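Order-wise, the sequence lines are chains H and Z.
Going by the working numbering, the first sequence opens with residue 283, and the numbers climb by one from there.
Going by the working numbering, the second sequence opens with residue 23, and the numbers climb by one from there.
Don't be surprised by glycine CBs; every beta carbon is placed ideally from N, CA and C.
These numbers were taken from a predicted model, which means no experiment stands behind them.
Input: a single structure, listed below in structure tokens.
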Amino acid sequence: MLQLVNFYVVPGLVLGAIYALSATGLSLIYGVMRFAHFAHGDLMALGAYVALGASTAFGISAWAAIPFAAAVTVPVALAADALFYARLRRSLPAVLLISSFGVALMLRAVIYLIFGPTPVTFPRPIVPPLVWEGLRIQRRHVWIILGSALSAFVLHLILSRTRAGRAMRAMSDDPDLARITGVPTAGVIRLTWVIAAVLVALAGVFLGLDTQLQPVMGFNVLLASFAAAILGGIGRPWGAAFGGLILGLAEECATYPLLAGAPLLEPTYKSAVAFAVLIATLLFRPQGLFRGMI
Amino acid sequence: MEQALLYAATLGTLAGIYGVLALGLNLQWGLTGLMNFGGLGFVAVGAYTAALLTAPPSPTHLGGFGVPWWLAWPASACASALLALPIGAIALRLRADYLAIATIGIAEIVRLVVRNEDWLTGGPLGVTAIPRPFESLGTPLGQIAFLLLVGAVLSLLFAAAQAAAKSPFGRALRALRDDEEAAKAAGKNPARLRLHAFLLGAAFMGVGGAMMTAFFKFIGPDALEPVTVTFLVWVMLIAGGSGNNWGAVAGAVAVWAIWAATDWLAAQLPGEAATRAAYVRLFLIGLALQVILIARPEGLIGERVGSTQR
């Protein structure tokens with residue numbers, strides 16, 4: 283039992299928190315702008331690498347470098363929107379999706395150019411894990427889970443208590459109605475990018491701390507992030523966060539040796555869980571758990 | 023002289039193969055509006071099907087059945103279409119974006135299977151010694167004969183794609199893409215039409231994969247990568263003109279020429295700079311896509327519908 287918690291549930295929650303941060307941003311973007319943002323993964327990788335650069339340049343920890351990561355991902359997201367997406371806003375959503383795919387490649391090329399293709403890790407001092415009644419948990423895992431929970435809470439306050447947040451939800455519910463009732467759509471779109479870019483920078487740094495940094499790290503979790511957003515009901519930020527947690531737990535627990543020591547799923551096939559969840563959602567509940575847009 | 027001839031044959035062969043892939047994507051995206059970002063998966067399945075069927079027997083992977091290419095290539099088309107069937111049946115009922123996401127998943131699953139199922143695909147070792155049609159003709163002649171074969175396949179598939187685009191089937195696909203409600207009102211079955219277009223496009227990609235393995239005489243997990251298979255084909259189609267088969271082929275040839283030329287230029291640079299040049303090229307191809315989408319969304323040769331005399 284303890285083994286299940288230590289080696290499967292806790293890593294699952296950590297991975298789930300990272301997926302949740304990324305999927306929430308995807309879901310917000312989808313809700314407001316109605317397109318699947320394929321550059322989200324590479325924006326995440328960019329955030330992680332900027333944090334790495336800042337932490338080596340200034341000799342600070344990865345946690346302290348998070349503001350630097352966000353200080354780059356936010357302007358990059360806003361610039362991509364102003365330069366490319368804004369000009370395509372009147373085309374089909376599919377064209378925006380293709381455009382974001384191009385942005386993804388551009389971001390990845392920049393990461394390769396500056397940081398090279400070799401996987402690297404954040405400088406990580408060796409600290410003993412917290413132990414309590416046989417329960418062992420790495421300190422960085424505690425911080426990742428707490429950090430994600432805190433950002434979810436702050437996002438909740440923004441969406442439910444501020445005027446801007448309400449405008450955002452209004453636009454996500456019915457863009458035309460929002461426009462004619464005087465919601466400043468351009469401002470809402472900018473705010474959406476800011477929030478999504480901050481969340482994805484966090485996700486990138488957390489993913490880098492949990493595993494390692496490589497230029498395709500973000501693209502590798504893009505499928506899982508989309509699966510989480512769709513599972514939660516696309517356009518529903520809380521649903522996406524919940525979907526992320528479920529997916530992270532499912533991915534880690536899928537390899538649990540439940541039957542006679544053999545893992546349920548070979549660990550090499552772990553990333554297939556996201557696909558299975560995606561297909562199952564599309565088959566049985568395409569609107570997602572929390573009734574997103576279909 | 024012979025060196026230059028061989029180089030030209032290589033470029034021409036690959037341009038022809040890319041032409042087939044672009045035609046396949048044009049059936050899906052250009053004609054029907056289906057977003058397939060998992061081209062790699064369908065190409066890989068076609069490639070491995072042909073590889074396992076035509077290769078000599080080997081203990082490192084399944085089969086090696088020594089089947090002739092003219093049987094193996096159609097089998098590749100069927101295998102890729104078979105892969106497209108379940109995913110199409112599930113995702114095509116829903117929003118277009120969901121298909122794009124699901125196809126990324128398909129590519130990932132194919133990658134996992136290829137890498138891990140050693141008994142089937144030879145795992146990281148891949149499949150080697152795949153015969154190439156006409157290689158018995160000797161060095162320059164064999165390559166040229168293969169180039170002609172690829173050209174013939176491209177022409178055949180082009181004719182098929184043109185016939186499909188002009189047929190009632192093609193018109194129904196366009197109608198569906200542009201106004202689903204109107205098409206439905208006219209008694210068209212959107213799900214079935216879309217599925218047919220998706221399967222047909224996947225079959226084209228399978229043939230492209232089969233020709234690629236025959237050309238390189240090898241297939242392995244790292245032989246195909248998303249940038250050069252999936253993404254480059256998208257750029258080709260968008261640059262050439264989606265919805266138009268001429269545009270698809272023209273885009274394939276033009277973008278491939280640029281790609282190969284920059285490859286050659288980068289190779290002239292010293293070691294480290296050559297690697298960096300490859301990244302710069304990746305950036306520029308992403309930027310080029312943006313410029314085309316914004317400045318010339320119809321591409322080199324736009325779609326022509328309506329009057330038949332044009």
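Closer than 8 Å by beta-carbon distance: list the chain H residues that pair up with residue i, in chain order.
i	result
residue 233(Z)	What residue 233(Z) touches in chain H: nothing, since even the nearest Cβ is about 25 Å away.
residue 227(Z)	Going along chain H, no residue has its Cβ under 8 Å from residue 227(Z), so there is no contact; the nearest lies around 18 Å.
residue 260(Z)	380
residue 113(Z)	564
Using a Cβ cut-off of 8 Å (strictly closer), state whether residue i contacts chain H.
i	result
residue 122(Z)	yes
residue 253(Z)	yes
residue 321(Z)	no
residue 305(Z)	yes
residue 281(Z)	no
residue 127(Z)	yes
residue 298(Z)	yes
residue 278(Z)	no
residue 107(Z)	no
residue 315(Z)	yes
residue 20(Z)	Residue 20(Z) is absent from the model: chain Z starts at 23 and stops at 332.
residue 286(Z)	no
For residue i, which residues in the same chain have their Cβ closer than 7 Å to its Cβ, ignoring the five residues on either side in sequence?
i	result
residue 213(Z)	114 and 115
residue 155(Z)	91, 168, 171 and 236
residue 28(Z)	162 and 165
residue 453(H)	314, 460, 465, 467 and 470
residue 292(H)	419 and 423
residue 409(H)	421
Quick check: what's the CA-CA separation for residue i versus residue j?
i	j	result
residue 67(Z)	residue 375(H)	29 Å
residue 332(Z)	residue 196(Z)	Because the pLDDT at residue 332(Z) is just 36, under 50, the model does not fix this residue reliably, and the value given afterwards should be weighed accordingly. Their Cα atoms are separated by approximately 18 Å.
residue 266(H)	residue 529(H)	Here chain H covers residues 283 to 576 and nothing more, so residue 266(H) does not appear.
residue 476(H)	residue 229(Z)	44 Å
residue 300(H)	residue 420(H)	16 Å
residue 174(Z)	residue 204(Z)	38 Å
residue 534(H)	residue 407(H)	25 Å
residue 194(Z)	residue 210(Z)	7 Å
residue 57(Z)	residue 37(Z)	23 Å
residue 64(Z)	residue 102(Z)	5 Å
residue 42(Z)	residue 334(H)	43 Å
residue 538(H)	residue 553(H)	15 Å
residue 386(H)	residue 24(Z)	41 Å
residue 339(Z)	residue 381(H)	Residue 339(Z) falls outside the range modelled here, since chain Z spans only 23 to 332, and no answer is possible.
residue 77(Z)	residue 96(Z)	16 Å
residue 290(H)	residue 517(H)	29 Å
residue 265(Z)	residue 225(Z)	18 Å
Would you mind telling me which residues of chain Z sit closer than 7 Å to residue i, beta carbon to beta carbon, in chain order?
i	result
residue 384(H)	308, 311 and 312
residue 376(H)	55, 57 and 118
residue 557(H)	127, 130 and 131
For a contact defined as C-beta to C-beta under 9 Å, what are the partners of residue i on chain Z?
i	result
residue 311(H)	Residues of chain Z passing the Cβ test: none, with the nearest at roughly 12 Å.
Please confirm if residue i has its CB atom under 8 Å from at least one CB of chain Z.
i	result
residue 561(H)	yes
residue 550(H)	yes
residue 536(H)	no
residue 388(H)	yes
residue 568(H)	yes
residue 572(H)	no
Residues of chain H with a CB under 7 Å from the CB of residue i: which are they?
i	result
residue 301(Z)	391, 394 and 395
Near residue i, what residues of its chain come up, given a Cβ to Cβ distance below 6 Å and the 5 sequence neighbours on each side ignored?
i	result
residue 440(H)	447
residue 298(H)	526, 527, 530 and 531
residue 496(H)	401
residue 117(Z)	none
residue 324(Z)	263
Please list the partners that residue i has in chain Z, where partner means a Cβ-to-Cβ separation under 8 Å.
i	result
residue 553(H)	130 and 134
residue 318(H)	119, 122 and 123
Within a Cβ cutoff of 8 Å, which residues of the same chain sit near residue i, ignoring the five residues on either side of it in sequence?
i	result
residue 311(H)	317, 319, 322, 474, 475 and 478
residue 284(H)	416 and 417
residue 112(Z)	124
residue 253(Z)	307
residue 180(Z)	41, 45, 267 and 271
For residue i, return the contacting residues in chain H, with the cut-off set at a CB-CB distance below 9 Å.
i	result
residue 62(Z)	What residue 62(Z) touches in chain H: nothing, since even the nearest Cβ is about 13 Å away.
### Task
Closer than 9 Å, Cβ to Cβ, to anything on chain H: give me those residues from the segment 84-99 of chain Z, in chain order.
So the list is empty, because no residue satisfies the distance condition.
### Short-range partners of chain H found in the segment 130-150 of chain Z, where Cβ spacing is below 8 Å
Near chain H, meaning a CB-to-CB distance below 8 Å, the residues of the segment 130-150 of chain Z are 130, 131, 134, 137 and 138.
### Message
Against chain Z, which members of the segment 440-457 of chain H pass a CB distance test of less than 8 Å?
### Response
Residues of the segment 440-457 of chain H with a C-beta atom less than 8 Å from some C-beta of chain Z do not occur.
#### Entry: Against chain H: residues of the segment 30-43 of chain Z by CB proximity under 8 Å
If you check each beta-carbon in the segment 30-43 of chain Z against every beta-carbon of chain H, none falls closer than 8 Å.
### Query
Closer than 8 Å, Cβ to any Cβ of chain Z: which residues of the segment 362-373 of chain H, in chain order?
Residues are counted here when their Cβ sits less than 8 Å from a Cβ of chain Z; for the segment 362-373 of chain H these are 365, 366, 369, 370 and 373, given in chain order.
### Query
Just by C-beta distance, which residues in the segment 504-534 of chain H are closer than 8 Å to chain Z?
Within the segment 504-534 of chain H, the qualifying residues are 504, 505, 508, 509 and 512.
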